[in-house]
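Protein chains in written order, with numbering that gives the first Met the number 0: chain W, 0 to 256; chain A, 0 to 256.
There are 2 protein chains.
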Amino acid sequence: MHQKPLILITNDDSFRANGIKQLVDFVKDMARIVVVAPKNPMSAKSHSITVTEPLWIHKISEDDNITWYHLNGTPADCVKFAIHEVLKNKPDLVLSGINHGPNYSVSQFYSGTVAGAIEGTLNGIPSVAFSLNDFDSEADFSKTREYIRQITRNVLQNPLPTNVCLNVNFPNANTKTKGLKICRQTHGKWVEKFIEQSHPWAGKYYWLSGTFTNFEPDAGDNDVWAVENGFASVLPLNIDMTDYKFMESIKHWERIE
Amino acid sequence: MHQKPLILITNDDSFRANGIKQLVDFVKDMARIVVVAPKNPMSAKSHSITVTEPLWIHKISEDDNITWYHLNGTPADCVKFAIHEVLKNKPDLVLSGINHGPNYSVSQFYSGTVAGAIEGTLNGIPSVAFSLNDFDSEADFSKTREYIRQITRNVLQNPLPTNVCLNVNFPNANTKTKGLKICRQTHGKWVEKFIEQSHPWAGKYYWLSGTFTNFEPDAGDNDVWAVENGFASVLPLNIDMTDYKFMESIKHWERIE
């Protein structure tokens, strides 16, 4: 009898987040599930790894099909620890999310959820990050269900190229999703706003805040456009960041004295 | 009179590290320098940003040409804070480093130093990360001097494309550097080793450790090969991570019910 595939699930909002519980629920009949998720929220921790603090793993629950753990680390730590210590082997798929809040455009650089998927890819495992364009901890994830199942099925059946993971963003929970849209990364940036406040006696301090600015609001083929227009964006990310074209144009640097 | 360019310098080993002091020293006659560096070591913090802790900035010293600050955040925080609150404007160049230890191949995903350069690029500023293949805090950086000056001059004269930063790695301090080599990113990975230890009464915990494995040790055109063969590798990184080719091959997902 063919054994069910094994899916490793992580996120950055911690094992307590509704998003990861929903993700497990959506795919639990398709595979055996092992969850290794951060003990504490790790939003905006990017691809950090924990090298100066000890890591503690805790098994939360276990049944025939699903085992839950938390680890006091980042999503990248969780994926590494799961492969090397919990599973002692590679899973068939890494899913990360569902994040509370979007991770499109350059937000993926800051996102722990996307880093969880990239870490899977670095380990040679097909990996997908899922995010919902809604920061509400009680957001309704139900409209993402069929799309997540479809993408999971597709990736299990046709593994991704070695260097590629998928970054999937869903529209706001109140939007009726029109379908999947295969997208490129939006050219945009976060415009920071540092909020200055005063400590009672220790002087000024700042809170990092900001808003996302889209440099190409009219383009119809990128992930921000897709999400804002009611589609679920599917962005293939290649972990080889080399700009091969620009390499050629600075090749002459090798000859400069 | 033409004003000197303005260079923002950061790193991830903190303002106390020898590497950043050397970097400032190497380029101080080429530009006005503002340093905004982490107060504490931020190695392996990747592109983390600090959103749940207040940020405190401290001016350490100032003379005609060089101003030093530390910030209790990550390299990405330092670049953001420098642009928006310290300089109130964009510098002409962001330099990050010199890191104590290499940041080639996939190590760039974990590196705070490389993230400092990427953050500069996200803000539309030409940016370069420098790392030395030597973890010794007393390492000799002197052999990197002329290469750093050459690269800095090149980038000031011919700004990088909007989406591209440079990740530069120097060989071990004891190696005579043969020259610059324009490189692609090495296909490799960190193979983790979790060291299990026991707390007196609280049970098992783990230290994340590991070694780098090169999947293509014989390739002569990538950054690990260059550094191991005595060259300073110059890797152009594009912040658009979209895999355009693979996009086409999953376009049919849009039609699947």
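C-beta: ideal position from N, C-alpha, C; glycine also. Note that the structure is a prediction, hence the values are computed from the model and not measured.
| query | result |
| --- | --- |
| Roughly how many whole angstroms lie between the Cα atoms of K177 (chain A) and L155 (chain A)? | 24 Å |
| Please state whether DSSP places N98 (chain A) in a helix, a strand or coil. | strand |
| According to DSSP, simplified to helix, strand and coil, what is H266 (chain W)? | It is not possible to answer for residue 266 (chain W), since the shown part of chain W is limited to 0 through 256. |
| What is the DSSP secondary structure of G263 (chain A), counted as helix, strand or coil? | Chain A is shown only over 0 to 256; residue 263 (chain A) falls outside these bounds and no answer can be derived. |
| Please classify T67 (chain A) as buried or exposed, where buried requires at least 16 neighbouring CB atoms within 10 angstroms. | Strictly speaking, residue 67 (chain A) in this sequence is Trp, with Thr absent from that position. Buried is the call here. |
| Quick one: what's got a C-beta closer than 8 Å to V190 (chain W)'s C-beta in the same chain, skipping five residues either side? | G209, T210, F211 and T212 |
| Among the candidates A:T120, A:V105 and A:P101, whose CA atom is the shortest distance from the CA of D135 (chain A)? | A:P101 |
| Go ahead and label P199 (chain W) buried or exposed: buried means 16 or more other beta carbons lie within 10 angstroms of its beta carbon, across all protein chains shown. | exposed |
| Short of 6 Å in beta carbon distance, which residues of its chain neighbour N171 (chain A), apart from the five on each side in sequence? Order them along the chain. | N132 and D133 |
| Please confirm whether Q184 (chain W) has its beta-carbon closer than 8 Å to some beta-carbon of chain A. | yes |
| Comparing alpha-carbon positions, which option in W:S104, W:L236, W:G72 and W:P40 lies nearest D242 (chain A)? | W:L236 |
| Output yes if chain W places a C-beta closer than 8 Å to the C-beta of I97 (chain A); else output no. | no |
| Compare the Cα-Cα distances from A116 (chain W) to each of W:H46, W:D63, W:Q149 and W:Y205 and report the closest residue. | W:H46 |
| If you run the structure through DSSP and keep just helix, strand and coil, what is Y109 (chain A)? | coil |
| When the distance is taken between beta carbons, is Y205 (chain A) closer than 8 Å to L54 (chain W)? | yes |
| Taking 8 Å as the CB-CB limit, is G18 (chain A) close to chain W? | no |
| CA-CA distance, L70 (chain A) and K58 (chain A)? | 9 Å |
| Where DSSP assigns a beta bridge to V93 (chain A), which residues make up the other side? | A:L7 and A:S126 |
| Identify the contact partners of F134 (chain W) in chain A, using a Cβ-Cβ distance below 7 Å as the criterion. | Chain A residues near F134 (chain W): none, gap ~12 Å exceeds 7 Å. |
| Within 10 Å of its beta-carbon, does M0 (chain A) have 16 or more other beta-carbons around it, so buried, or fewer, so exposed? | Here M0 (chain A) scores only 46 on pLDDT, less than 50, and its place in the model is too uncertain to base an answer on. |
| Return no unless some Cβ of chain A is closer than 8 Å to the Cβ of H46 (chain W). | yes |
| Classify A16 (chain A) as buried or exposed, calling it buried when 16 or more other Cβ atoms lie within 10 Å of its own Cβ. | buried |
| Report, in whole angstroms, the separation of the C-beta atoms of F193 (chain A) and E84 (chain W), which I expect to be a contact under 8 Å. | 5 Å |
| Kindly indicate the opening and closing residues of the beta strand (DSSP E) around Y204 (chain A). | G202 to N213 |
| Check F245 (chain W) in the structure and name its three-state DSSP category. | helix |
| Quick check on Y109 (chain W) - is its C-beta less than 8 Å from some C-beta in chain A? | yes |
| Quick check on V257 (chain A): does DSSP put it in helix, strand or coil? | Residue numbering for chain A in the displayed model covers 0 to 256; residue 257 (chain A) lies beyond these limits and cannot be assessed. |
| Using a Cβ-Cβ distance under 8 Å, would L234 (chain W) count as near chain A? | yes |
| Below 8 Å between beta carbons: does that hold for P74 (chain W) and S95 (chain W)? | yes |
| For A114 (chain W), which residues of its own chain have a beta-carbon under 6 Å away from its beta-carbon, when the five flanking residues on both sides are left out? | S45, H46, P74 and A75 |
| Can you say whether R152 (chain A) is buried or exposed, counting buried as having 16 or more other CB atoms within 10 angstroms of its CB? | exposed |
| Looking only at C-alpha atoms, which of A:S197, A:E52, A:V34 and A:V50 sits nearest to E61 (chain A)? | A:V34 |
| Taking T112 (chain W) as the query, report the chain A residues whose CB atoms sit under 9 Å from its CB, ordered along the chain. | Going along chain A, no residue has its Cβ under 9 Å from T112 (chain W), so there is no contact; the nearest lies around 13 Å. |
| Do S130 (chain A) and N168 (chain A) have their beta-carbon atoms positioned less than 8 Å apart in this structure? | yes |
| Tell me the residue span of the alpha helix (DSSP H) that contains Q156 (chain A). | R144 to Q156 |
| Assuming I32 (chain W) and I65 (chain W) make a contact with CB atoms under 8 Å, what is their CB distance in whole Å? | 4 Å |
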